[in-house]
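Okay, structure first, notes after.
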Amino acid sequence: MATREEQLDAVEQFFEGPRELDRLSLMSEDVEWWNGLGKFPAAPGQTVFRGKEEIGRIVLGRAPSPPQPNGRPVDRYDLATRTFDDVRTIADGPFVFRQHTYRATTVRGRPYENVYGFLFRFTDAGLIDRIWEHWGTLEAYETLFQGPLVVHDPDLLLQTTPSVRKRLDLDRPVPREVIEECLDLAVHAPNGSNQQPYRFLFVDDAERKAALADIYRQAMADFVNRPRTDAPEDNIDRSDPASKRMTESVMHLARHMQDVPVLCVPLVAGRTDGLGEGAHAERTGALWQANRWGSVIPALWSFMLALRSRGLGSAWTTLTLVREREVAELLGIPFAKWMQVGLFPVAYTKGTGFAPTPRRPARDVMAWNGYAGEPE
Ligand SMILES: Cc1cc2nc3c(=O)[nH]c(=O)nc-3n(C[C@H](O)[C@H](O)[C@H](O)COP(=O)(O)O)c2cc1C
326 MATREEQLDA
336 VEQFFEGPRE
346 LDRLSLMSED
356 VEWWNGLGKF
366 PAAPGQTVFR
376 GKEEIGRIVL
386 GRAPSPPQPN
396 GRPVDRYDLA
406 TRTFDDVRTI
416 ADGPFVFRQH
426 TYRATTVRGR
436 PYENVYGFLF
446 RFTDAGLIDR
456 IWEHWGTLEA
466 YETLFQGPLV
476 VHDPDLLLQT
486 TPSVRKRLDL
496 DRPVPREVIE
506 ECLDLAVHAP
516 NGSNQQPYRF
526 LFVDDAERKA
536 ALADIYRQAM
546 ADFVNRPRTD
556 APEDNIDRSD
566 PASKRMTESV
576 MHLARHMQDV
586 PVLCVPLVAG
596 RTDGLGEGAH
606 AERTGALWQA
616 NRWGSVIPAL
626 WSFMLALRSR
636 GLGSAWTTLT
646 LVREREVAEL
656 LGIPFAKWMQ
666 VGLFPVAYTK
676 GTGFAPTPRR
686 PARDVMAWNG
696 YAGEPE
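Start counting the sequence shown at 326; every next residue gets the next number (the working numbering).
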């Protein structure tokens, strides 16, 4: 039987021993380590690690971690910078409990701090055969205060908010409170002079949705059959596989628009096409266009991000603007006062895992200190 002093010494070595000390040498062959979080990139969802090989590889980070879902490398803390404060240690039979505040700087230079509690169990030979690791209150925080979020990482949210069409769940109702919660977040977006010159009309009435879906399909036909010029934007080649998939997805949404639980028609006050009334009747220049669209689109995109963070999705569609007056009539929108942004289906998504949207990298679309010519 190991003495109390030997156990306490092993725990101290475990945390504060020299870096060269192999922590696995303090453990028995069939050691188990519980840490409850299930957040190791190399083992998502796994909360118990068994045996020295698995613990060395995943918990002690000996194998390189795979990139996180957002593509960022894992940032480790630099062991040379670690400190332990407020250390409390209690021994009871084969058990030793130690709580401390751990501080370190990460390899990328960020401060790290966490309060840990570790319960160790020792074998008769003085080796650790069980570790229970409690990490602050992160898990409880996420459960209690971030409950509805399915995407916690803002980088991942920005990278993985696609136009969802085929994966809209047409059978799962969307409570009005969820829409309101997302819009409550979205209204914090910037807008001209902070007048919030927008309205978001939501439609969950079956007849009105069916009428909107009809207008959408008719507008799509108008658009497809429009007179074309020789300009490249009128003659985009859509024969590659990605474009074919998109066309199929667009057609799927067009067929099912009426079945989507909620349709949203965002509006901005004033018109930029010369068809409005009041001051805006004359204001069709780029400044006024930028000011009008810029006063609604940031909030609309925030709304779409808030939806995605909660497991819902939408698709940006503008085709109904070909028949904007018909939508205005259907929903009682004063056409001369309000310009529509489009029609946005809103539903829970089928599954919540989405890959980053395929885009050209930033370096292809940026320039410094002046216009650097047409992007490739
Ligand atoms: C201004 C604008 C207008 C769009 N109009 C439509 C539309 O009328 N119908 C549609 O199904 N998708 C429409 N989209 C969605 C785009 O096709 C989609 O964002 C693009 O193909 C990239 O797909 P991803 O975001 O899923 O990667 C529109 C997007 C934008 C930003």
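Ideal Cβ placement from N, Cα and C applies to all residues, glycine included.
Take the Cβ of L630 as the centre, count every other Cβ of all protein chains shown within 10 Å, and call the residue buried at 16 or more, exposed below. buried
Please classify A361 as buried or exposed, where buried requires at least 16 neighbouring CB atoms within 10 angstroms. The identity of residue 361 in the sequence shown is Gly, whereas the question assumes Ala. The residue is exposed, with fewer than 16 neighbouring Cβ atoms inside 10 Å.
Write down the C-beta distance between L588 and F669 rounded to the nearest angstrom, noting that I regard them as a contact closer than 8 Å. 7 Å between Cβ atoms; contact.
Just list the beta strand (DSSP E) runs in the region 517 to 552, keeping only unbroken ones of 3 residues or longer that don't cross its boundaries, in chain order. 523 to 528
Cα separation between A368 and P487? 26 Å
Nearest by alpha-carbon distance to N519: which of L592, A450, S620, V440 is it? S620
Expressed to the nearest angstrom, what Euclidean distance is found between the alpha-carbon atoms of R397 and P343? Rounded to whole angstroms, the gap between the alpha carbons of R397 and P343 is 30 Å.
If you pair each beta-carbon of the region 442 to 454 with each one of the region 326 to 340, do three or more pairs fall below 8 Å? With a cut-off of 8 Å, the region 326 to 340 and the region 442 to 454 count as touching, because enough Cβ pairs lie within range.
Could you give the first and the last residue of the continuous alpha helix (DSSP H) run that contains H577? DSSP places H577 inside the alpha helix (DSSP H), whose first and last residues are 566 to 581.
For E649, does the count of other Cβ atoms within 10 angstroms reach 16, so buried, or fall short, so exposed? buried
Cα separation between D449 and L482? If you draw a straight line from the Cα of D449 to the Cα of L482, it comes to about 50 Å.
Let me make sure I understand the geometry here. Which of R428, F422, W618 has the alpha-carbon closest to that of Y402? Taking only the C-alpha atoms, the option nearest Y402 is R428.
Inter-residue spacing [alpha-carbon to alpha-carbon] between H459 and T677: 28 Å
Under 6 Å from any heavy atom of ligand 1, does the C-beta of S488 make it? yes
Any heavy atom of ligand 3 closer than 6 Å to the Cβ of W641? Here the bound small molecules are ligand 1; ligand 3 is not part of this structure.
Give a yes or no on contact between the region 573 to 584 and the region 535 to 551, applying the rule of three or more CB pairs nearer than 8 Å. Verdict: yes, contact present.
Taking 6 Å as the cut-off, is the CB of L644 close to at least one heavy atom of ligand 1? Yes, the Cβ of L644 comes within 6 Å of a heavy atom of ligand 1.
Pick helix, strand or coil for T485, following the three-state DSSP scheme. coil
Buried versus exposed call for T682 [16 or more other C-beta atoms within 10 Å across all chains shown]: exposed
Provide the residue span of the beta strand (DSSP E) that contains N439, from first to last. 436 to 447
Less than 6 Å separating the Cβ of T448 from some heavy atom of ligand 1? no
Measure the C-alpha to C-alpha separation of P700 and N694 and round it to an integer number of angstroms. Caution is warranted here: a pLDDT of 49 is assigned to P700, below 50, making its placement in the model unreliable, and no coordinate value can be reported.
Looking at the strands, I want to know which residues DSSP matches up with V585. Paired residues: none, contrary to the question.
N- and C-terminal bounds of the beta strand (DSSP E) containing F422: Counting along the chain, the beta strand (DSSP E) containing F422 begins and ends at 420 to 430.
Assuming E654 is part of the alpha helix (DSSP H), what are its boundary residues? Residues 649 to 656.
Counting only the same chain and skipping the five closest in sequence on each side, list residues whose C-beta sits under 7 Å from that of P515. Here the set comprises P623.
Reducing DSSP to helix, strand and coil, say where I561 ends up. coil
With 16 as the cutoff for other CB atoms within 10 Å, does E573 come out buried or exposed? exposed
Quick check on DSSP: helix, strand or coil for M629? helix
What number of angstroms, rounded off, separates the C-alpha of P686 from the C-alpha of D562? 22 Å
Would you call the CB atoms of D411 and T426 closer than 7 Å? yes
On the criterion of 16 or more Cβ atoms from any shown chain inside 10 Å, does Y673 qualify as buried, or is it exposed? buried
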